[in-house]
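Undergrad: Numbering (this note's numbering), first residue to last: 20 to 280. Don't be surprised by glycine CBs; every beta carbon is placed ideally from N, CA and C. Keep in mind it's a predicted model, so treat the numbers as computed, not measured. Structure below; questions to follow.
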């Protein structure tokens, strides 16, 4: 494992890359033997830097939960990151393109918790009981580590590549619809680029939230009431450019639109 001084140095390097909207060379190419535990330690220092700077933690993201996302990235296990308040946009927002690096969009469902969730034996049913409502969401991916050759260690260190999220559509109770069959059509500039069904996320989007609660238990932590949990994408990431309008149609759950300027 890395020395604490190396972990702090990497976290500061990533924070500077976020501030300057730039990318850094692969961490795994420069730190031989860097582990997943090291990566989460880097992410935790980066998170603390944000909190000390006045950012407010409002939720978590889960990534790489579907086969289509694992195939798109070459990474075969889920990961997670944190969501700060300044990374949450409302439906219809105009988003500053230059705030992010390597900008892509994913289609997801967000679980808003009405009660805490705690492992190590958290189940899908526990997640449904604790969820106040589910709402459509788009995740904006932003990679501060160069893309070619990335491993899960690079991605986790980079806060699981979270840039921002956009909430929209129609919030629903977990028993109001069959969450496995929630589907979405993802448009860029009026052309459908991707489509998918939420069951692609570990057979049920709530399964990812259960996975996260159980993962947190290893660190003596839990998910808190009020947190927004992005459950994972059920489409491949879609690249966007400055000037693009993104529209996601979730059928009976409504739609989300945003534009990058």
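1) What first and last residue would you give for the alpha helix (DSSP H) that runs through residue 224?
2) Run through the segment 46 to 75 for me and flag every whole alpha helix (DSSP H) of 4 or more residues, listed as ranges in chain order.
3) Taking the straight line between their C-alpha atoms, what separation do you get for residue 9 and residue 208?
4) Looking only at C-alpha atoms, which of 47, 103, 78, 98 sits nearest to residue 68?
5) Quick check: what's the CA-CA separation for residue 177 versus residue 25?
6) Output the residue ranges of the beta strand (DSSP E) runs that lie fully inside the segment 100 to 146 and measure 3 residues or longer, sorted by chain position.
7) How about the segment 23 to 43 and the segment 51 to 68: do they share at least three Cβ pairs that are nearer than 8 Å?
8) Rounded to the nearest angstrom, how far is the Cβ of residue 180 from that of residue 205, given a contact under 8 Å?
9) Closer than 8 Å by C-beta to residue 15: which residues in its own chain qualify, once you throw out the five before and the five after it? Chain order, please.
10) So, helix, strand or coil for residue 274, using DSSP?
11) Taking just the CA atoms, how far does residue 214 sit from residue 309?
12) Could you give the distance in angstroms between the alpha-carbon of residue 66 and the alpha-carbon of residue 44?
13) Excluding the 5 residues preceding and the 5 following residue 156 in the sequence, name in chain order all residues of the same chain whose CB lies nearer than 7 Å to its CB.
14) Which residue spans inside the segment 234 to 258 form an unbroken beta strand (DSSP E) run of at least 3?
15) On the CB-based measure, 16 or more other CB atoms within 10 Å of its CB, does residue 79 come out buried or exposed?
TA: Walking through what the data contain:
1) Taking the chain shown and counting its residues from 1, one reaches residue 224 at position 205. 224 to 236 is the extent of the alpha helix (DSSP H) around residue 224.
2) 46 to 49, 55 to 71
3) This structure leaves residue 9 out entirely; the chain is present only between 20 and 280.
4) On the chain shown, position 49 is the one that residue 68 refers to. Of 47, 103, 78, 98, the residue nearest in Cα terms is 103.
5) What you label residue 177 is simply residue 158 of the chain shown in a count that begins at 1. What you label residue 25 is simply residue 6 of the chain shown in a count that begins at 1. Those two C-alpha atoms are separated by around 15 Å.
6) 107 to 109, 123 to 132
7) yes
8) For this step, residue 180 is matched to residue 161 along the chain shown. For this step, residue 205 is matched to residue 186 along the chain shown. Contact doesn't hold; Cβ gap of about 18 Å is too wide.
9) The question about residue 15 has no answer here: the residues shown for the chain are numbered 20 through 280.
10) Position 255 of the chain shown, counted from the first residue, corresponds to residue 274. DSSP places residue 274 in strand when its eight states are reduced to three.
11) Any question about residue 309 goes unanswered here, given that the chain covers just 20 to 280.
12) The count along the chain shown starts at 1 and reaches residue 66 at position 47. The count along the chain shown starts at 1 and reaches residue 44 at position 25. If you take the alpha carbons of residue 66 and residue 44, they lie about 21 Å apart.
13) As a position in the chain shown, residue 156 is number 137, starting the count at 1. Around residue 156: 127, 128, 129, 184, 185, 186, 249.
14) 247 to 249
15) Here residue 79 is taken as the residue at index 60 of the chain shown, counted from 1. Residue 79 should be labelled buried.
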